[in-house]
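> For reference, the structure I am asking about is given below.
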Amino acid sequence: MLIKRPPSYHKLFFFRGMLLGMTVTLKHFILNLLRIRKIPTIQYPEKKRERSARFKGKHILTKKLDGSIRCTSCLLCQTACPARCIKITPSEHPDPKVEKFPISFQIDLLRCVMCGYCEEACPVDAIRMGQEYEWADYSESSFIMDKEYLSNRPALQGGVISKVNS
Amino acid sequence: MTSHSEPKAKNPMVKITADGKVIEAPKGGNLLKALLDNGVSVPHYCYHPGLSVAGCCRMCFVEVEGQPRPLISCNATVTENMVVKTQTETVKNIQKWNLAFHLINHPLDCPICDQAGECGLQNYYMQFGKYESRMEEEKVKKRKVIPIGDHVMLDTERCILCSRCVRFFDEVPKTSEMAIFNRGDRSEIGTYEDKALNNNYTLNSVDICPVGALTSRDFRFKRRVWFLKDIPSICPGCSTGCNVTISQDPIEKRTYRMRPRFNEEVNGYWMCDYGRMRYKHTHRESRISTPLIKKAATLIPTEWDETKHELFTIFKTPASQISVLITPQYTSEDITHIYDFFTKTIGTQNIFHCADSHLASDSTVTDELLFRRDKNPNSQGLLKISAHYKLQEQNLSLFQQKLKSDPWTILFIFGPHDLEAYPEFLSWFKENNSLKTKIYIGTQVKHQIPLFDLLLPTLTFIETEGTFVNFKGLSQKLSRGVKLIPEAKPICEILC
Chain S
1 MLIKRPPSYH KLFFFRGMLL GMTVTLKHFI LNLLRIRKIP TIQYPEKKRE RSARFKGKHI
61 LTKKLDGSIR CTSCLLCQTA CPARCIKITP SEHPDPKVEK FPISFQIDLL RCVMCGYCEE
121 ACPVDAIRMG QEYEWADYSE SSFIMDKEYL SNRPALQGGV ISKVNS
Chain A
167 MTSHSEPKAK NPMVKITADG KVIEAPKGGN LLKALLDNGV SVPHYCYHPG LSVAGCCRMC
227 FVEVEGQPRP LISCNATVTE NMVVKTQTET VKNIQKWNLA FHLINHPLDC PICDQAGECG
287 LQNYYMQFGK YESRMEEEKV KKRKVIPIGD HVMLDTERCI LCSRCVRFFD EVPKTSEMAI
347 FNRGDRSEIG TYEDKALNNN YTLNSVDICP VGALTSRDFR FKRRVWFLKD IPSICPGCST
407 GCNVTISQDP IEKRTYRMRP RFNEEVNGYW MCDYGRMRYK HTHRESRIST PLIKKAATLI
467 PTEWDETKHE LFTIFKTPAS QISVLITPQY TSEDITHIYD FFTKTIGTQN IFHCADSHLA
527 SDSTVTDELL FRRDKNPNSQ GLLKISAHYK LQEQNLSLFQ QKLKSDPWTI LFIFGPHDLE
587 AYPEFLSWFK ENNSLKTKIY IGTQVKHQIP LFDLLLPTLT FIETEGTFVN FKGLSQKLSR
647 GVKLIPEAKP ICEILC
C-alpha cells in the first residue's frame, strides 16, 4: 500500500516549534533570574519542609504509662495491611491483666506502602505513623524494623506514650 | 448421642409456617431445631442440638400466632399448622435489649480474646444489637486466665452463663466437673477449687462455648481465626473415624486445630482430645523434609531425580527378593496403589500388612464414648484391600518369621504417620545380613533412622485426598488441604 508522505522540505519547519519552546524556557529563566517570581526553593539537607501532623512516615509503637509496649497483638493491623508488611508473634504475658503481648513485632519498610491502615485499624492506639521519611540504607535487612526500634529508636527520644484507654 | 436426642422417625412430619415459608418438622419436636434445620436463622446461645434444653439465654424468642406473648423457641414444641414469626418488631426489640443485658459485665477484650472472629456476642451484636450502652454502673470484675486441665483456659469475666459447658460435662462424658458458682451478677462458671478437668473430651466445651470464656490452651494466641481455612476431613487418631474440620492457614502453610464435624452415624457433635492433637505430627519440624540417601554410612539429603534413579535400579532385582510392609495409616487409594504396583508391575507376593483383624473390627470403646483401642484410621480398609489381592493372611507376625528365614534383599516399609500409635514400631527390627537395601516411605521417623538406606517423604492425611474405612466398615472421604512440605510427594508419584 502506498502512503502519501509530506514533501521533504516540510521538515525544515521544525525551527518554528523549536523557537516557540525556547521562548518559554527563556521566559522562565529571566523570571527566576531576576527574582520577579518568588519560587519556594528549600535548601534541602540543611533546611527541611514542615510536615503536617497527619503526615504518614515511619511507624511508631506507643507505650503505656509504665513504659511497657501498648500493643496487645490483636493482629488487626496485620489483617488490614494491604502490603502484608507486618509480622507479629503473640505470646502469653506473665501478668494475667495484660494476658497477651507481642513477643516480636516486625515491619518491613520496603514492602510498606505508607497507607496508614494499620494506624486506623488499631483498637488501642498502639501503632502510629510518625514524621520521619529519610531512611536510605545500604542493605535490605536493615529495613526490617523490630519491636525495640519501633518503640525506642533514638529519634523518638525515649518513646511515645499513649494515654488512650489507660 | 445423648439421651436428650430428638425423637426421630416415629413422629409424623407436620407442616408449619415460619416467616411465610412452609416447612416440615416432626410433630412434638423442638421448634428451634426445626427452624434452624430449615434455614430460618434464630439467634441463640444456650441451645445446642446435642445437649438438653436450658432456656436461660433468652435470645431465641419468636412470636407464635394464637399465643398471647412471645416465647422462647428452644422450649417450644412443634404443633400442626403453627404460624411462627421471627422478624417482628417485638422480637427484634427483645433480642436487642437482651443482648444489652448479656454485655453488661462483658469485659470487651476482643483484641486479646481468641474467640474474636467466631464469637456469638460479636456476631449477634452486629446483626441484632447496635445499641448505645445505657449502663452507668462499673463492670463487675471477675477472675481471668485460669488454666483448668491440660487443654482448657477459663476466663470467667467473658462468660454469659449459658451453661452449655455445665450441661456438656453432665450429659456427655458424665463427669459433672463444671458448675455455676455464686449468685446474681457475681455468678461464674468453673470447676470446684479450679481443679483440672480430667477426661478425654474437655475441648468440646471450648467448641460449644459461644463466647471466649473457655478457650483452647493449645490454640491460645497461635493464630486469629479469620486467617484460617476449614477443610472437611476424618480424624486419624483411632478406628472410630470421627468427622472433623481441619483449620489451616494457607499463607503460613501450617495446621492449627481440628474440631468435630457433625455426623450422626459416627461421632455426633463431639470428638476426643487425643484425636484433636493428631494434627501436630503434620508440622514441618517433625517431618522428613527431603529425600535422604545413605552414602558412606551417613544419610544425606538428595534430589528426587537421584532417588528415582536409585529406585529404578532397585526394581530390576528379582521380584522374589522384594518385600513390602504397610501400616494402616494410609488412605485406601494409596494402599490400593501400593498393592497394585507391587503385585502387577513388580510381580512380588511378599506384601505384608500391620493391621490386626481382631482389633480393627473391635467396636468396644475404651472411654465409653468414642475412643477405640485400634489407633489406626484405616485398618479395615487395609484388610479389605489385602483380601482383594488374597494376601490378608500375611500379617506382621508372619513378616517377622519370614524376615529371619526368607532370602529377601530389598525391603520397602510404608511407615506410620503418627508414631504415637506405634511406640514399638520396628523395635524388633535388627540388622539382617541378607537385607541389602531398606527403603522407608513415610512422613516421620525417629530413632530408627540409621537403619534405612533411602528415606522418601510422603504426604499426611491433611495433604491427601482419599478414603478411610472405620471399624464399622464405613468409608469416609478426606479432603485435600495445603501441602505442608514442598518436597513431599504422594505415593502414586513415588511408585511409578
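These protein sequence lines are chains S and A, in that order. Using the working numbering, read the first sequence as starting at 1 and increasing by one per residue. Using the working numbering, read the second sequence as starting at 167 and increasing by one per residue. All residues carry an ideal CB built from backbone N, CA and C; glycine is no exception.
1. If Ile-454 (chain A) and Val-611 (chain A) are in contact, beta carbons under 8 Å, what's the gap, nearest whole angstrom?
2. If we ignore side chains and look at the alpha-carbon of each, how far apart do Thr-630 (chain A) and His-503 (chain A) end up?
3. Could you tell me which chain A residues have their CB closer than 8 Å to the CB of Thr-79 (chain S), listed as they occur along the chain?
4. Any C-beta of chain S sitting closer than 8 Å to the C-beta of Phe-387 (chain A)?
5. Thr-72 (chain S) touches chain A at which residues, Cβ-Cβ below 9 Å?
6. Could you name the residues of the same chain whose beta carbon sits closer than 6 Å to that of Ser-162 (chain S), not counting the 5 residues immediately before and after it, in chain order?
7. Which whole-angstrom value is the C-beta distance of Gly-378 (chain A) and Gln-281 (chain A), which I expect to be below 8 Å?
8. Please list the partners that Leu-75 (chain S) has in chain A, where partner means a Cβ-to-Cβ separation under 7 Å.
9. When you compare each of A:Ile-660, A:Thr-254 and A:Val-318 to Phe-385 (chain A) by their alpha carbons, which one comes out closest?
10. Count the CB pairs spanning the segment 334-353 of chain A and the segment 455-466 of chain A that are closer than 8 Å, and state whether there are at least three.
11. If you drop the 5 nearest sequence neighbours on each side, which residues of the same chain put their C-beta closer than 7 Å to that of Ile-260 (chain A)?
12. Can you look up Pro-616 (chain A) in the DSSP assignment and give me helix, strand or coil?
13. If you drop the 5 nearest sequence neighbours on each side, which residues of the same chain put their C-beta closer than 6 Å to that of Tyr-489 (chain A)?
14. From the beta carbon of Lys-310 (chain A), is the nearest beta carbon of chain S less than 8 Å away?
15. Identify the continuous beta strand (DSSP E) that holds Ile-314 (chain A) and give its terminal residues.
16. Taking the beta carbon of Glu-231 (chain A) as the centre, do at least 16 other beta carbons fall within 10 Å, making it buried, or is it exposed?
17. Rounded to the nearest angstrom, what separates Glu-451 (chain A) and Arg-383 (chain A) at their Cα positions?
18. Taking the alpha carbon of Ala-521 (chain A) as the reference point, which residue from A:Leu-477, A:Phe-580 and A:Thr-381 has its own alpha carbon closest?
19. So who's on the other strand from Val-490 (chain A), going by DSSP bridges?
20. Can you tell me whether Lys-147 (chain S) is buried or exposed, with buried defined as 16 or more other CB within 10 angstroms of its CB?
21. Buried or exposed for Asp-95 (chain S), going by 16 or more other Cβ atoms inside 10 Å?
22. By the three-class DSSP mapping on this structure, what secondary structure does Asp-415 (chain A) have?
23. Between the segment 327-343 of chain A and the segment 366-373 of chain A, are three or more C-beta pairs nearer than 8 Å?
24. So within the segment 280-344 of chain A, which uninterrupted alpha helix (DSSP H) runs reach at least 4 residues, ignoring any that extend past its ends?
25. In angstroms with no decimal places, state the Cα-to-Cα distance between Leu-212 (chain A) and His-268 (chain A).
26. Measuring CA to CA, which of A:Arg-389, A:Ser-413 and A:Phe-393 is closest to Ser-399 (chain A)?
27. For Val-648 (chain A) and chain S, any beta-carbon pair shorter than 8 Å?
28. Comparing C-alpha positions only, which one of A:Thr-530, A:Met-248, A:His-214 and A:Arg-309 sits nearest to Ile-182 (chain A)?
29. What's the gap between the Cα of Tyr-435 (chain A) and the Cα of Ala-462 (chain A)?
30. Between Pro-218 (chain S) and chain A, is the shortest Cβ-Cβ distance under 8 Å, so that the two count as touching?
31. Per DSSP, what are the beta-bridge partners of Ile-161 (chain S) in this structure?
32. Three-state secondary structure (DSSP) at Ile-355 (chain A)?
33. Kindly indicate the opening and closing residues of the beta strand (DSSP E) around Ala-191 (chain A).
34. Among residues of its own chain, excluding the 5 on either side of Glu-246 (chain A), which ones have a beta-carbon nearer than 7 Å to its beta-carbon?
35. Can you grab the Cα-Cα spacing for the pair Pro-494 (chain A) / Arg-538 (chain A), in whole Å?
36. Just the Cα atoms here: how many angstroms apart are Phe-532 (chain A) and Cys-77 (chain S)?
Per the coordinate set shown:
1. 6 Å
2. 14 Å
3. Result: Arg-390, Trp-392 and Phe-393.
4. yes
5. Asp-275, Pro-277 and Ile-278
6. Thr-62, Arg-70 and Asp-125
7. 3 Å
8. Arg-390
9. A:Val-318
10. no
11. Phe-227 and Pro-236
12. helix
13. The amino acid at residue 489 (chain A) is misidentified as Tyr; the sequence shows Ser. For Ser-489 (chain A), where only same-chain residues beyond five positions count, the Cβ hits under 6 Å are Asn-516, Trp-574 and Leu-577.
14. yes
15. 312-314
16. Around the beta carbon of Glu-231 (chain A), fewer than 16 other beta carbons sit within 10 angstroms, so the residue counts as exposed.
17. 20 Å
18. Comparing Cα-Cα distances from Ala-521 (chain A) to each of A:Leu-477, A:Phe-580 and A:Thr-381, the minimum goes to A:Phe-580.
19. According to DSSP, Val-490 (chain A) shares a beta bridge with A:Ile-517 and A:Phe-578.
20. buried
21. Around the CB of Asp-95 (chain S), fewer than 16 other CB atoms lie within 10 Å, so the residue is classed as exposed.
22. strand
23. Under the Cβ criterion (8 Å, minimum of three pairs), the segment 327-343 of chain A counts as touching the segment 366-373 of chain A.
24. Within the segment 280-344 of chain A, the complete alpha helix (DSSP H) runs of at least 4 residues fall at 286-293 and 330-337.
25. For the record, residue 212 (chain A) in the displayed sequence is Cys; it is not Leu. About 12 Å.
26. A:Ser-413
27. no
28. A:Met-248
29. 53 Å
30. With chain S running from 1 to 166 in the structure shown, residue 218 (chain S) is simply not present.
31. S:Lys-63
32. strand
33. 187-192
34. Val-180 and Lys-193
35. 15 Å
36. Inspection of the sequence shows that residue 532 (chain A) is occupied by Thr rather than by Phe. Answer to the nearest angstrom: the Cα atoms are 47 Å apart.
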